[in-house]
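Novice:
Numbering (this note's numbering), first residue to last: 69 to 320.
(1) Between residue 275 and the rest of its own chain, which residues show a CB-CB distance below 8 Å, the 5 nearest in sequence each way excluded?
(2) Just the C-alpha distance for residue 195 and residue 151, rounded to the nearest angstrom, thanks.
(3) Kindly indicate which three-state DSSP category residue 167 falls into: helix, strand or coil?
(4) Less than 8 Å between C-beta atoms, sequence neighbours within five positions excluded: which residues of the same chain meet that for residue 177?
(5) For the alpha helix (DSSP H) that residue 246 lies in, which residues bound it at each end?
(6) DSSP three-state call for residue 159: helix, strand or coil?
(7) Going by alpha carbons, who is nearest to residue 268 out of 284, 134 and 85?
(8) Based on Cα-Cα distance, which residue from 138, 205 and 168 lies nearest to residue 229?
(9) Would you check if the region 178 to 187 and the region 242 to 250 touch, i.e. whether three or more CB-CB distances between them fall below 8 Å?
(10) Buried or exposed: residue 162, going by 16 or more other Cβ atoms within 10 Å of its Cβ?
(11) Pick helix, strand or coil for residue 69, following the three-state DSSP scheme.
(12) I need the straight-line Cα distance from residue 96 to residue 261, nearest angstrom please.
(13) Does DSSP put residue 237 in a helix, in a strand, or in coil?
(14) For residue 100, report the span of its alpha helix (DSSP H) as first-last.
Below you can see the structure in the form of structure tokens.
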């Protein structure tokens with residue numbers, strides 16, 4: 069980080085910390101702003117520790133939101149509306165479009181056990197099958213490369229992307245129909261309160277990184293992880309420095 073960037077980060081941090089101190093209250097608007105701003109601050113504080121530390125911080129914050137903050141606004145009956153269960157993998161049959169931070173976090177967690185050859189084959193096959201355009205990707209029902217085909221369980225559950233943590237369907241029948249009929253429109257009835265909460269830490273991290281010129285264009289998860297697996301330390305640090313290392317995985 070050069071001197072000019074460091075000074076800008078210090079100014080932004082000072083301003084954000086002051087605002088964070090003033091955010092007192094337990095209403096939904098105040099709590100939401102506090103969660104987003106808190107992650108903005110933590111992201112700037114951790115910049116010099118590297119991309120893996122940033123990604124891990126977002127994961128931990130997201131877990132805390134689900135376990136602690138969101139629970140204060142949920143009634144017992146609310147959770148009964150959610151149909152998502154272990155082994156229900158209808159939404160796992162698509163090329164997931166995620167934040168580069170998600171890809172960094174997952175690769176960091178899985179690096180010692182990643183099957184690089186299988187991931188490279190997945191990336192080549194998907195690239196040959198269709199362009200990485202938002203709507204085109206929705207027409208593909210290939211299973212996620214991290215889905216266990218025998219158990220229908222996620223093999224990367226502890227480091228799964230924020231989008232996987234945020235989406236909570238209220239109709240498993242609807243999800244199954246989308247998969248079985250391969251519907252091009254994947255509109256699913258969602259439990260929106262929980263979805264909104266879960267994404268707040270990532271929003272804060274994105275805002276901090278965007279101010280520094282980091283490339284935050286969405287990427288195809290499996291393809292991005294395949295890229296990072298080849299040189300995790302070098303590519304992830306180059307990305308944090310502003311380089312566009314994810315170009316082969318970017319969703320347009």
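Glycine included, each C-beta is placed from N, C-alpha and C at the ideal position. Predicted model, so just to flag it, every value in this text is computed and none were measured.
Specialist: This is what the structure gives:
(1) Within the same chain, residue 275 has close Cβ partners 104 and 108.
(2) Looking at the two C-alpha atoms, the distance is approximately 33 Å.
(3) coil
(4) Close CB contacts of residue 177 within its chain, under the 8 Å cut and outside five residues either way in sequence, are with 224, 226 and 227 (chain order).
(5) Run containing residue 246: 240 to 249, per the alpha helix (DSSP H) assignment.
(6) helix
(7) 134
(8) Nearest option by C-alpha distance: 168.
(9) no
(10) In the assembly as shown, residue 162 is a buried residue. Its beta-carbon has 16 or more other beta-carbons within 10 Å.
(11) coil
(12) 10 Å
(13) strand
(14) 96 to 114
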